[in-house]
Each structure stands twice: as structure tokens, then as C-alpha cells.
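Asks:
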Amino acid sequence: MINIEVSTYIESAEEIHKEILIALRQLIFSIVKDVDEQFKWNRPVYAVEKDFCYLKTTKKHVTLGFFEFDKITTNKDIIEGTGKSMRHIKLSKLKDITDLKLKTIIEEVLK
833 MINIEVSTYI ESAEEIHKEI LIALRQLIFS IVKDVDEQFK WNRPVYAVEK
883 DFCYLKTTKK HVTLGFFEFD KITTNKDIIE GTGKSMRHIK LSKLKDITDL
933 KLKTIIEEVL K
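My numbering puts the first residue of the sequence shown at 833, with every later residue one more than the last.
1) Threshold first: 4 residues or longer. Then list the alpha helix (DSSP H) segments lying entirely within the segment 903–935, N to C.
2) Are the CB atoms of I836 and R857 within a distance shorter than 8 Å?
3) Within 10 Å of its beta-carbon, does E912 have 16 or more other beta-carbons around it, so buried, or fewer, so exposed?
4) Looking at C-alpha atoms only, which residue of S917, L887, D931, T914 is the closest neighbour of N907?
5) For F898, name the three-state secondary structure that DSSP assigns.
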């Protein structure tokens, strides 16, 4: 279900990031049946029974973060961070979504 706070977050993002956020949101909704879209910790968070990913903007990129990154086997070398269970991928252009195989990565996190 669409969350109004998430919509506001996306609409207030810089134009260069807005298209990435919209595409990621659409991708998540297309992959995950009954996804719960929430706004927690000042960012969009997506859950099915428990949180599995989040979106965040910075000045230079959009971050797609994962709560259980250790389930990811596809493009594992692009995952950044030092968190015990949370890591992220930085996206600077719309094409990154397909180039980095994010659909497959999201599906792996949900297993």
C-alpha cells in the first residue's frame, strides 16, 4: 500500500534522484506481493513480516539499503558499508537499476 509520507519524501527529492526513487519504488511493488511501505527513521522502509530494504537520498546518490545483505549473492562486490546486518548500494543514475541487477538482488533478500 502506498504511504503518503513516502510519496512526500520522493516528491521533495532533487529531480536527478526523484526518477531513481520512483523507479525503485515501482520495482519493489512489482516484485513483492503485499509489501508494507513505511516511513521510519526519516526514510522509506519496505517490509514483508519484517523490514528488508530502505531508500535514502544524499547529495550525490540514492541509497538502496538492505537489512539482511548476507542473503545477496548477485553483484555482492557492489554492496557497501560495515554494518553487522545492514549494507547498501549507491545509485547515481536510473540505468543503475537494471545494470546492477537490482530486481535479482531484491528477490534474493526476500528468500
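For every residue, glycine included, the Cβ atom is placed at its ideal position computed from N, Cα and C.
Replies: This is what the structure holds:
1) 928–931
2) Here residue 857 is taken as the residue at index 25 of the sequence shown, counted from 1. Here residue 836 is taken as the residue at index 4 of the sequence shown, counted from 1. The answer is no: Cβ separation not under 8 Å.
3) Within the sequence shown, residue 912 is the residue found at index 80, counting from 1. Classification for E912: exposed.
4) As a position in the sequence shown, residue 907 is number 75, starting the count at 1. Looking at the Cα atoms, D931 is the closest of the given residues.
5) One-based indexing of the sequence shown puts residue 898 at position 66. F898: strand per DSSP, three-state reduction.
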